[in-house]
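In the numbering used here, the protein residues as written are -17 to 181.
Take a look at the structure set out below.
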């Protein structure tokens, strides 16, 4: 756990130097997933579970809506694994389009780029404990800055290609997010929310 904390602090406070260290690290995708991504991705998942089922959401009418714990748990588990699945999908997309921007298309490096760029999103996701302050999750956008700074270091993207590559990744990520969140996730979250609202 201490190693995770130190890496989180390093990538957020000193991204340039940390990206360089990350590039030179020899680490299997499985190890990065199990020892870093999976534990951090639990933060927003657990926070959402507690926030929705115990704390509750205050609606404009003044009532507090709480989702039944079991249903919130199911939604949380689905959301957690969708989150991890998006890491692989995102890394595949980055690796696939890398050659168009004279960048390295190595899947391992692409996976590192996506995983560590997600760090602020996972950390800020703990604010889901209190749904009313969910606006603070906008701080997770710092991950875009990490992504931008990581491209020329990890994937060796030429300076004149960084912005276009970055923009392409962001657009692709939005499409992936729509697919996973609204199409797949919606099939799970939608019915749960509708049943809760009907109480």
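For each residue, glycine too, the CB sits at the ideal point set by N, CA and C.
Please read all numbers here as calculations on a predicted model, not as lab measurements.
Residue nearest to residue i in terms of C-alpha spacing, selected from the options
| i | options | result |
| --- | --- | --- |
| residue -7 | 144, 126, 156 and 154 | 126 |
| residue -17 | 7, 20 and 83 | 20 |
| residue 72 | 7, 58, -15 and 95 | 95 |
| residue 112 | 36, 158, 152 and 1 | 36 |
| residue 137 | 162, 78 and 156 | 78 |
| residue 57 | 120, 155 and 29 | 29 |
| residue 90 | -4, -10, -5 and 9 | 9 |
| residue 108 | -12, 27 and 92 | 27 |
| residue 104 | 52, 150 and 61 | 61 |
| residue 11 | 92, 24, 129 and 148 | 92 |
| residue -10 | 162, 124, 74 and 75 | 124 |
| residue 86 | -15, -5, -12 and 5 | 5 |
| residue -13 | 101, 80, 13 and 88 | 101 |
Counted within 10 angstroms of its Cβ, other Cβ atoms place residue i as buried (16 or more) or exposed
| i | result |
| --- | --- |
| residue 84 | exposed |
| residue 164 | exposed |
| residue 49 | buried |
| residue 98 | buried |
| residue 59 | exposed |
| residue 140 | exposed |
| residue 81 | exposed |
> Using 8 Å as the Cβ pair cut-off and three pairs as the minimum, do the region 12 to 19 and the region 54 to 74 touch?
Replying inline: With a cut-off of 8 Å, the region 54 to 74 and the region 12 to 19 count as touching, because enough Cβ pairs lie within range.
> Enumerated in chain order, which unbroken segments of the alpha helix (DSSP H) with a length of 4 residues or greater are wholly contained in the region 8 to 75?
Replying inline: Taking 4 residues as the minimum length, the alpha helix (DSSP H) runs contained wholly in the region 8 to 75 are 11 to 14 and 20 to 32, in order along the chain.
> Any contact of the region 133 to 148 with the region -15 to 3, i.e. 3+ C-beta pairs under 8 Å?
Replying inline: yes
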